[in-house]
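Shown next, in structure tokens, is the structure this report addresses.
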Amino acid sequence: MVFRIIGIILLLLAIWQFVQARNGWQVYKNKSQRTDNALRVYGFAYSFFIALLLVVLGLSALLGVFS
Numbered sequence: 091m092v093f094r095i096i097g098i099i100l101l102l103l104a105i106w107q108f109v110q111a112r113n114g115w116q117v118y119k120n121k122s123q124r125t126d127n128a129l130r131v132y133g134f135a136y137s138f139f140i141a142l143l144l145v146v147l148g149l150s151a152l153l154g155v156f157s
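Numbered per our numbering, the sequence shown spans residues 91 to 157.
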């Protein structure tokens, strides 16, 4: 039961992370200038990676891999 709650929380966090990463990417894509830091793209990639990791952990917790 606890793992299901944790899984749901992790999936909700993953959805939130995807939305925030997408919003940040859209702002960067539309308002970036030539002097912006190129390493910001790596931050967005890392953000999407964290969201994907949260999805995997959430689904694993829901399916009972950890119990």
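We put the beta carbon where it would ideally sit given N, CA and C, even for glycine.
Less than 8 Å between the C-beta atoms of residue i and residue j, yes or no?
| i | j | result |
| --- | --- | --- |
| L100 | L147 | yes |
| F93 | G114 | no |
| A111 | A151 | no |
| L144 | Q107 | yes |
Mapping DSSP to helix, strand and coil, what is residue i?
| i | result |
| --- | --- |
| S157 | coil |
Use the C-beta contact count for residue i: other C-beta atoms within 10 angstroms, 16 or more gives buried, fewer gives exposed.
| i | result |
| --- | --- |
| G97 | buried |
| A128 | exposed |
Between which two residues does the alpha helix (DSSP H) carrying residue i extend?
| i | result |
| --- | --- |
| A128 | It is not in any alpha helix (DSSP H) - A128 carries neither H nor E in the DSSP assignment. |
Please go through the same chain and pick out, in chain order, the residues whose beta-carbon is closer than 6 Å to the beta-carbon of residue i, but skip the five residues on each side of it.
| i | result |
| --- | --- |
| Y136 | none |
Enumerate in chain order the residues of its own chain whose CB-to-CB distance from residue i is below 7 Å, with the five nearest sequence positions on each side excluded.
| i | result |
| --- | --- |
| F156 | F93, S150 |
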